[in-house]
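**Q** Please find one structure pasted underneath; my questions will follow.
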Amino acid sequence: MDAFLVPEKTTVAAKGDGPVLELKQAAGRVFLLTLAITNIIEQESLDVSVYGSTDGAAWDLKPIVAFPQKFYREEIPLLLDLTARPEVKFIRAHWEVARWGRGSETPMFEFHVTLREVPQEILAEAAGRVRAQ
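For the sequence shown, counting from 1, position 4 maps to -12 in this note's numbering; every step adds exactly one.
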């Protein structure tokens, strides 16, 4: 499964939510999330987190996972492990932005978030290597 939690070239100036993504058969699996910040202005911050839902309407009060607060253009990987949360059938990204200093008080970030399922055989191989050490 490969998908966008936040579509490419999304430009934001305020907090918001990405589209709802249904996990279908991939519920209870492990995913690699990648936050790619492609454009910014100085003196601002971006916080991106991922929330889960069983029905796509009522969302958890706390995020399942969150990227560290970011200030620069970069790509940041993060694992989303839903093996202990098989009831989560839907996910969506949420972001918060802030700006300080001189100039406009309105923040501006261009970014996207991708989601890629980590194949079970790779997880099994990694677990085997950890046990061997």
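Don't be surprised by glycine CBs; every beta carbon is placed ideally from N, CA and C.
Whose CA, out of 15, 8, -15, lies closest to the CA of residue 74?
**A** What you label residue 74 is simply residue 90 of the sequence shown in a count that begins at 1. Comparing Cα positions, the closest option is 8.
**Q** Per DSSP, what kind of secondary structure is residue 32 in: helix, strand or coil?
**A** As a position in the sequence shown, residue 32 is number 48, starting the count at 1. Residue 32: strand per DSSP, three-state reduction.
**Q** Do residue 77 and residue 97 have their CB atoms nearer than 9 Å?
**A** Position 93 of the sequence shown, counted from the start, is the residue given in the question as residue 77. Position 113 of the sequence shown, counted from the start, is the residue given in the question as residue 97. Yes, Cβ-Cβ distance for residue 77 and residue 97 is below 9 Å.
**Q** Mapping the DSSP letters down to three states, classify residue 12 as helix, strand or coil.
**A** One-based indexing of the sequence shown puts residue 12 at position 28. Collapsing the DSSP output to three states places residue 12 in coil.
**Q** If I'm right that residue 28 touches residue 82 with Cβ under 8 Å, what's the distance once you round it to whole angstroms?
**A** Translated into positions along the sequence shown, residue 28 becomes position 44. Translated into positions along the sequence shown, residue 82 becomes position 98. Sure, about 6 Å apart at Cβ, within 8 Å.
**Q** Please report the straight-line C-alpha distance between residue 53 and residue 31, rounded to a whole angstrom.
**A** Position 69 of the sequence shown holds residue 53. Position 47 of the sequence shown holds residue 31. Going by the C-alpha atoms only, they are around 5 Å apart.
**Q** When burial is assigned at 16 or more other CB atoms within 10 Å of the CB, is residue 93 buried or exposed?
**A** The sequence position of residue 93 within the sequence shown is 109, counting from 1. When all chains shown are included, residue 93 counts as buried.
**Q** Who are the Cβ neighbours of residue 48 in its own chain at under 6 Å, not counting the five residues just before and after it?
**A** The residue you call residue 48 lines up with position 64 of the sequence shown. The answer, listed in chain order, is 34, 36.
**Q** Shortest alpha-carbon distance to residue 40 belongs to which of 2, 24, 56?
**A** Start at 1 with the first residue of the sequence shown, and residue 40 comes out as number 56. Cα-wise, what sits closest to residue 40 is 2.
**Q** Could you say which of 66, -5, 67 lies nearest to residue 24 if we only look at CA atoms?
**A** Counting from one through the sequence shown, the residue named residue 24 turns up at place 40. For the residues 66, -5, 67, the minimum Cα distance to residue 24 belongs to -5.
**Q** Counting along the chain, where does the beta strand (DSSP E) carrying residue -7 start and finish?
**A** As a first step, residue -7 is located in the sequence shown; it is residue number 9 there, counting from the start. Its beta strand (DSSP E) spans residues -14 to -4.
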